[in-house]
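Visitor: Questions regarding the structure given below will be posed in turn.
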């Protein structure tokens, strides 16, 4: 079986764990489909895979399926309630690019490949059928049609004019989902390569798996980043789509839950990774640091994910320069005393990629450790040996207790550790003590011995009180915003 065939069959992962299927299948075609699947062990692995929980949850929560009972072993109480899935593949070079995902008489998933439009037309006339198509012209069919598109309005605006159409936002893939699919569909992509690309581009399978070895494509992604200027980011806040051609490659649509609205019907825009955010912020800082601080005084931008990335970048700049900051002790009744904390200047900056890097990094007191990976837990930066910083524009930012415990271990278990929530001026007075979360994301009732040594503070970062020169030092070691091997190996970070 070709790699492309395996990729197309893999779409059954979504279908067989999300939708029911119509048992009324043409007998002859069904026999051929079962035979083709059983002839390939990899296809069996793919069809029986049940680990794409994020994608499955999207379809289930968006109510894009009929009534059914979904289970991991695909046993259905009422097979008659099942519905067929028809997929129009844009990957194929042939016009016979239709695929049908359905079930046999034993309620086992089967895939019908490389069918023509006439072959699938009977299914498209069935209201129980789901028709999944990728940004193509869609004829009017009785089947429930799902158009999967990049955030380019020209590709779906006509479709949305239909009174019965609605829009839903599919989240990027989770890292564990990509880890699951990689050895099955893209065995030539190593785990290390996937980890590195995910750190740059986030959960977009095409960017981190399909195009992992396409150097020209990877360069085009890097070339988009400097085009995302401050005006574009400010304008994008509150918009349904990124505001510049190609910007959707590095600005991702993230679904968010809003009370009173259907799940996956509301969204926000975020940079795809810390890597992208830091380059955008760094390039903007060169000429417009004063404009950044001015725009960040506008709550609509400041408290958006894009604005939050600019705020974090400004905070890192200033913390590395050092200075005196106002802090307030966080306690249960929000009556903690205020005091000043002095951060030495200038601070040497050291990149780290994981919690385990903390103990290996510079042992010099005052080293500013800056995580470069987007999934680094609990903190955005550290000053050894006892200061942790979490930059936030949200009123709630509960740390994970286990990860925080691991960080304290890596610091050498000092008797006292300070955890600072760095916030803008409009949040300082009302910011409250944060709960610690268990691995089940519930508030911990019993703290680990490491976390018992941690004291929470909220640290005020008043943007308008800083001048442009406050954010820069002449010491060469502090000049680049991103340093270390990553900067040396990537021309975009020079």
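Residue numbers (this note's numbering): 4 to 497.
Glycine included, each C-beta is placed from N, C-alpha and C at the ideal position.
Since this is a predicted model, take the numbers as computed values, not measurements.
1) Between residue 104 and residue 116, what straight-line distance do the alpha-carbon atoms span, to the nearest angstrom?
2) Tell me which residue opens and which closes the beta strand (DSSP E) that residue 393 is part of.
3) Closest to residue 100 by CA distance: which of 89, 188 and 309 is it?
4) Classify residue 341 as buried or exposed, calling it buried when 16 or more other Cβ atoms lie within 10 Å of its own Cβ.
5) Classify residue 195 as buried or exposed, calling it buried when 16 or more other Cβ atoms lie within 10 Å of its own Cβ.
6) Could you tell me whether the segment 321-331 touches the segment 411-420, using the rule of 3 or more Cβ pairs below 8 Å?
7) Tell me whether residue 313 is buried or exposed, calling it buried when 16 or more other Cβ atoms sit within 10 Å of its Cβ.
8) Does the pairing of the segment 435-451 with the segment 399-412 give three or more beta-carbon distances under 8 Å?
9) For the beta strand (DSSP E) holding residue 341, just list the boundary residues, first then last.
10) Roughly how many whole angstroms lie between the Cα atoms of residue 431 and residue 281?
11) Look at residue 240 and residue 284 and say whether their C-beta atoms are less than 9 Å apart.
12) Using the rule of at least 16 other Cβ atoms within 10 Å of the residue's Cβ for burial, across every protein chain shown, is residue 443 buried or exposed?
13) Any chance the segment 294-301 sits against the segment 266-275, with 3 or more Cβ pairs inside 8 Å?
14) Quick one: what's got a C-beta closer than 7 Å to residue 335's C-beta in the same chain, skipping five residues either side?
15) Put residue 372 into one of helix, strand or coil per three-state DSSP.
16) Rounded to the nearest angstrom, what separates residue 449 and residue 407 at their Cα positions?
17) Closest to residue 225 by CA distance: which of 186, 276, 181 and 236 is it?
18) Give me the residue from 378, 394 and 377 with the minimum Cα distance to residue 385.
19) I need the straight-line Cα distance from residue 252 to residue 201, nearest angstrom please.
20) Between the alpha carbons of residue 426 and residue 463, how many angstroms are there, rounded?
Guide: Reading it off the structure:
1) 9 Å
2) 390-394
3) Ranking 89, 188 and 309 by Cα distance to residue 100 puts 89 first.
4) exposed
5) Its Cβ having fewer than 16 others within 10 Å, residue 195 is exposed.
6) No, the segment 321-331 is not in contact with the segment 411-420.
7) buried
8) Flag = yes, the segment 435-451 and the segment 399-412 touch.
9) 341-346
10) 25 Å
11) In this structure, the beta-carbon distance from residue 240 to residue 284 does not fall below 9 Å.
12) Classification of residue 443: exposed, given that the 10 Å Cβ count is below 16.
13) Segments in contact, no.
14) 436
15) strand
16) 14 Å
17) It is 276.
18) 394
19) About 13 Å.
20) 6 Å
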